[in-house]
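All residue numbers for the sequence shown refer to the working numbering, where the first residue is 115 and numbers rise by one.
Beta carbons are placed, not taken as given, at the ideal position from N, Cα and C, and that holds for glycine.
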Amino acid sequence: MELTTDSQEFLESERIEAVMKMARPNVTVIGVGGAGSNIVSWIKQRGIAGGKLVAANTDAAHLTITKADRRLLIGEKSTHGQGAGGYPERGARAAVESLEEMKKETAGSNIVFICAGLGGGTGTGASQVFAKELAHPGRLTIGVVTLPFSVERFRYENAKEGLKKLREYCDTVVAIDNSKLAKVAGDLPLQQALGVANELVGQFVKGITETITTASLINIDYADLRAIMEKKGLAAIGVGESQGPDRVESAVRTAIEGQLLDIKDVTKSRGVLVHVSGGSDITLEEVTRAGELVTKSLPPYVRIVWGARVEPQMSGHARVMVVLTGVESTFLSQQSYRLSLGPLKVGPRL
Ligand SMILES: Nc1nc2c(ncn2[C@@H]2O[C@H](COP(=O)(O)OP(=O)(O)OP(=O)(O)O)[C@@H](O)[C@H]2O)c(=O)[nH]1
Ligand SMILES: [Mg+2]
Numbered sequence: 115m116e117l118t119t120d121s122q123e124f125l126e127s128e129r130i131e132a133v134m135k136m137a138r139p140n141v142t143v144i145g146v147g148g149a150g151s152n153i154v155s156w157i158k159q160r161g162i163a164g165g166k167l168v169a170a171n172t173d174a175a176h177l178t179i180t181k182a183d184r185r186l187l188i189g190e191k192s193t194h195g196q197g198a199g200g201y202p203e204r205g206a207r208a209a210v211e212s213l214e215e216m217k218k219e220t221a222g223s224n225i226v227f228i229c230a231g232l233g234g235g236t237g238t239g240a241s242q243v244f245a246k247e248l249a250h251p252g253r254l255t256i257g258v259v260t261l262p263f264s265v266e267r268f269r270y271e272n273a274k275e276g277l278k279k280l281r282e283y284c285d286t287v288v289a290i291d292n293s294k295l296a297k298v299a300g301d302l303p304l305q306q307a308l309g310v311a312n313e314l315v316g317q318f319v320k321g322i323t324e325t326i327t328t329a330s331l332i333n334i335d336y337a338d339l340r341a342i343m344e345k346k347g348l349a350a351i352g353v354g355e356s357q358g359p360d361r362v363e364s365a366v367r368t369a370i371e372g373q374l375l376d377i378k379d380v381t382k383s384r385g386v387l388v389h390v391s392g393g394s395d396i397t398l399e400e401v402t403r404a405g406e407l408v409t410k411s412l413p414p415y416v417r418i419v420w421g422a423r424v425e426p427q428m429s430g431h432a433r434v435m436v437v438l439t440g441v442e443s444t445f446l447s448q449q450s451y452r453l454s455l456g457p458l459k460v461g462p463r464l
């Protein structure tokens, strides 16, 4: 029996559909520790198309108020659901204890985001173990972390060590320095500033995931993301939001000028990802201009990938995220502040 053109077309579209399903990246977002869980809760409340949300914490009480697709109490035997008390070694041990469970949760994922606030015990210690043990060649592992506020000086050393390890194990670690949040958030009380950090990380993870997994104004595909993120070390992010006729230009400028991590030299970036979102009124021309503006401000050999999404609730607005990968940060070379009592005076022995 001969197939009619219609039925051939039908079979072909079925086949394309099946291949598309197979090719669609499978994304898992892991939030580790208190801050990581809060970030996952933020994303869960807004919804994320095409990504699974896993919260992992040693703190049972905090898990009960966390919103996620899966909540894992890690290190139950060693921490008894009581948290890691600021000790990264305890966080690391907890992750080792619960590694098999986490491996099951991430099986089949080709993009894994690991979100945490560095400086405490669970987020700092467990994220390193997960990054190291969950990485494999067919998978992109992206850390998204916040660095402590400058008032949390005593957590600096933990955070610095944690960031170094994560940079080694992840393909890319996007770091946001909490101290620089004032730039986007203004002077806010600590709790609210943390909320802004959660939102920033949440928007980043949600934006990238949805631009890859669902049809967008301009798609970013898995190969693009790989080209920018694979084995690139540290990344800085800048965000800008604006409205009015020049909304895209002004959002791009804010995003480039206001990097949320002190980096040594913007022009030394190895790759750049530009992500634009706006209401249904946003035009392709505006988005193209955003790409051109970024291109102009960086040397020609820096690879640029960009994507755009329409978010109906953003009518009249444009939001631009610029991610610079392969950068060096002053945070890692910064001296930590130690409590110094000066040289010890040795008095006469009585
Ligand atoms: N982005 C963000 N950062 C936070 C939040 N809460 C705390 N932080 C930051 O993250 C660091 C680590 O805090 P937590 O995440 O509470 O610590 P933890 O990983 O749970 O570690 P332990 O409680 O010691 O097991 C802090 O020093 C803060 O800088 C939050 O809700 N969001
Ligand atoms: Mg905690």
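Shortest gap from the CB of His176 to any heavy atom of ligand 2: under 7 Å. Gly189 is the residue among Ile225, Gly189, Phe227 whose C-alpha sits nearest the C-alpha of Val210. For Gly165 and Pro262, the gap between their C-alpha atoms comes out near 27 Å.
Each of Leu331, Arg340, Leu187, Leu177 was checked against the Cα of Met216, and the nearest Cα belongs to Leu187. Taking 7 Å as the cut-off, the C-beta of Ile157 does not count as close to any heavy atom of ligand 1. As a beta-bridge residue in DSSP terms, Asn171 pairs with Leu187. In terms of Cβ geometry, Phe227 and Val143 form a close pair [threshold 8 Å]. Counted as a single uninterrupted DSSP element, the alpha helix (DSSP H) harbouring Arg160 occupies residues 147-160. Taken in chain order, the complete alpha helix (DSSP H) segments of 4 or more residues contained in the region 294-372 are 296-299, 304-327, 336-343, 361-371. In the displayed model, Ser443 falls within a strand according to three-state DSSP. In this structure, Thr439 sits near Lys346, with a CB-CB distance shorter than 8 Å. Contact check for Thr323 and Asn333: beta-carbon distance about 12 Å, past the 8 Å limit, so the pair fails to qualify. With a cutoff of 8 Å on beta-carbon distance, His431 and Glu344 are scored as not near each other.
With respect to Val437, Ile351 sits close: the two C-beta atoms are nearer than 8 Å.
The DSSP assignment places complete beta strand (DSSP E) segments of no fewer than 3 residues inside the region 226-284 at 254-261, in order along the chain.
Set against 7 Å, the gap from the CB of Ala311 to the closest heavy atom of ligand 1 is smaller. Taken through DSSP and simplified to helix, strand or coil, Leu177 comes out as helix. Here the distance from the Cβ of Thr325 to the nearest heavy atom of ligand 2 is not below 7 Å.
Assignment of Thr397 by DSSP, reduced to helix, strand and coil, places it in the coil class. Considering only Arg384, Val401, Leu398, the residue with the shortest C-alpha distance to Pro414 is Arg384.
Leu302 has its Cβ no nearer than 7 Å to any heavy atom of ligand 1. In this structure, Gly316 lies away from Ile179, with their beta-carbon atoms at least 8 Å apart. Selection Gly252, Ala249, Gly233 evaluated against Ser264 yields Gly233 as nearest (Cα-Cα). Burial is judged here by how many other beta carbons sit within 10 angstroms of a residue's own beta carbon; Gln122 has fewer than 16 and is exposed. Closest in C-alpha terms to Glu203, from the list Thr172, Leu125, Pro251, comes Thr172. Partner residues in the beta bridge of Ala289, as assigned by DSSP, are Val259, Ala350. By a beta-carbon distance limit of 8 Å, Val424 contacts Leu331. Their separation comes to about 6 Å. Contact annotation, Val287 with Leu277: C-beta distance approximately 7 Å; criterion of less than 8 Å satisfied.
Where Arg384 is concerned, there is no enclosing beta strand (DSSP E), because DSSP gives it neither an H nor an E. Secondary structure note for Ala163: it is in no alpha helix (DSSP H), with a DSSP letter that is neither H nor E.
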